[in-house]
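Have a look at the structure below, then the notes.
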Amino acid sequence: MKVEILPRTLTRIEHCLMLQELVPEHLSVKALVERLCQGSMPVLKRFLGAERGRVLVFAGPWLTGLYGIELAMALAKSGYAVTMIAAFEPDVEYFSAVSRAEDRRWFCALRDSWQLPEQRQASLAMARQAGIEMLDFIPRTLDYYFDFVIDALVGADIDLYAHSDQSEPSGTSGESAGHPSPALMVFAPIIEALSMSLLPLISIDVPCGWDVLRGPRVLDIQRDRFLKPEILLCLATPKRVARYFGGNYIYLVGDVFPAALAVQRKLRLPAELHSDGYCLISVNPYLDLIQRQRKRAGLPDKNPALPLSWGKANTGELYGHPGEYIATVFSERVQREWVDVESSPDLWDEID
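The numbering of the sequence shown is UniProt numbering, which starts it at 1 and goes up by one.
Next up, the structure:
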């Protein structure tokens, strides 16, 4: 069930500043990551199933990557066959494109106060001891070796397009006003491989390669070289880029903010987040439409809470045709194109 009131979406900078208020005054880095993973696991288990699925986790060099490593270990403990690609170093070269004072403070906190490089190395050592297979290359036949992919590469850690200002974009075109950073070149081969894969993709906060303010760039959409996750996991708070998400579900995971701080910052965090550690905040209206039509037709629904397109259609279809875009409930101007259910054979094929 979706929440009745949407939580406030934050820019990447706002989210990073909130985390700096949180750590270490209220939580340690380890406790923060553990809570985020605890909120994520029930969601992942619902979609990955109880079977021994083969999961590929991409864990980046910063905080989102540390979360990805911990998540990979939690999945392995739950019986999933986990492989991880985490051959990235949180080195100074990644920070070279960062020019904003807020960003510099953020990365100094990660590197010095939070001791992120040391914590990352310790987590990687534990992952190896847990028997998680480590790769330093991207297999060409992803779809043959794996069942699901988790993108924990960048998230809200860094702006890959180095915007000079963080003001709201004037439109919803997905056009980026920033300049590609050196870090983007590091992730380019992964973006290329995942954009061509038909495997179900789960992204964390901001899909890798997306503009943190404007979603996929127009050029990338036209080339069909951008990530198309079916599920977006928002860590602690939803980010502004969620309005450009065209997949199936947006979940908010991780009850990490004290109630007083959440009220002070007007986060509007749902009660479900505090009670369960996660909550569903957006569903693709196309799935709602299918669900209603099944009910009207008297067709059984084996799992009404989880209508999925996985295994039924190319995930790219959810994102429209190249050059077009489908928005979410966070968008001010929803750009979905509804179909006539009486004259759409494709829809009835999906229902049947």
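The C-beta atom is built at its ideal place from N, Cα and C for all residues, glycine as well.
From the DSSP output, in three-state form, read off Asn-314 for me.
Any reading at Asn-314 needs caution, since the residue's pLDDT is 40, under 50, leaving its predicted position unreliable; the model's value is listed next. Note: Asn-314 maps to coil in three-state DSSP.
C-alpha distance - Ala-122 paired with Asp-157, whole-angstrom precision:
20 Å
Exposed or buried, His-15, counting other C-beta atoms within 10 Å across all chains shown (16 or more means buried)?
buried
Using a 10 Å radius around the Cβ and a threshold of 16 neighbouring Cβ atoms, would you call Ser-197 buried or exposed?
buried
Classify Gly-174: buried if its beta carbon has 16 or more other beta carbons within 10 angstroms, exposed otherwise.
Low confidence applies to Gly-174: its pLDDT is 48, below 50, so where it sits in the model is not reliable enough to give any reading.
Under 6 Å Cβ to Cβ from Arg-225, same chain only, skipping five residues before and after it: list those, please.
Ser-195
Pull up the distance between the alpha-carbon of Arg-111 and that of Pro-117, whole angstroms please.
6 Å
Kindly list the residues whose CB is nearer than 6 Å to the CB of Ala-139, restricted to its own chain and excluding five residues on each side of it in sequence; keep chain order.
Just to set this straight, residue 139 is Pro in the shown sequence, not Ala. Result list for Pro-139: Tyr-145, in chain order.
Going by the beta-carbon positions, is the gap between Leu-36 and Leu-235 smaller than 8 Å?
yes
Nearer than 7 Å: is that true of the beta carbon of Met-18 relative to any heavy atom of the ligand MG?
The ligand MG is not part of the structure shown, which contains no ligands of any sort.
CB contact flag (Val-241, Trp-114, <8 Å)
no
Look at the Cβ atom of Thr-237, then the Cβ atom of Pro-42, and state whether they are nearer than 8 Å.
no
Cα separation between Arg-120 and Ala-109?
14 Å
Beta-carbon separation of Ile-69 and Ala-59 under 8 Å?
yes
Where Thr-83 falls: helix, strand or coil (DSSP):
strand
What is the DSSP secondary structure of Phe-58, reduced to helix, strand or coil?
strand
Based on the DSSP secondary-structure assignment, which residues constitute the bridge partners of Asp-151?
Phe-58 and Ser-203
Can you tell me whether Thr-64 is buried or exposed? The criterion is at least 16 other CB atoms within 10 Å of its CB, across all chains shown.
buried
Rounded to whole angstroms, what's the CA-CA distance from Leu-10 to Lys-239? Just pull it up for me.
5 Å
Enclosing beta strand (DSSP E) for Ile-231 [first to last residue]
231-235
Grab me the residues of Gly-39's own chain with a C-beta within less than 6 Å of its C-beta, minus the 5 sequence neighbours each way, in chain order.
Val-253, Gly-254, Gly-277 and Tyr-278
Could you pull the DSSP bridge partners for Lys-239 from this structure?
Leu-10
On the DSSP letters alone, give me the boundaries of the beta strand (DSSP E) that Tyr-251 sits inside.
249-253
With DSSP run on the structure shown, which of helix, strand or coil describes Ile-326?
The predicted position of Ile-326 is uncertain, since its pLDDT is 44 and thus under 50; no value can be drawn from it.
Element boundaries [alpha helix (DSSP H), containing Cys-108]
101-108
Going straight from the alpha carbon of Glu-102 to that of Leu-71, what length do you get?
28 Å
In this structure, how does DSSP classify Tyr-144 when only helix, strand and coil are distinguished?
helix
If you run the structure through DSSP and keep just helix, strand and coil, what is Ile-158?
coil
Measure the CB-CB distance between Ile-250 and Ser-282 and report whether it falls below 8 Å.
yes
Could you tell me the distance, in whole angstroms, from the CA atom of Ala-87 to the CA atom of Leu-135?
8 Å
Taking all protein chains shown into account, do 16 or more other C-beta atoms lie within 10 angstroms of the C-beta of Phe-137, making it buried, or fewer, making it exposed?
exposed
Do you know offhand how far Tyr-67's Cα is from Lys-295's?
39 Å
Which residue marks the beginning of the beta strand (DSSP E) containing Glu-133, and which one marks its end?
133-135
Could I get the ranges of all uninterrupted alpha helix (DSSP H) runs contained in the segment 14-75, with 4 residues as the minimum, in chain order?
29-48
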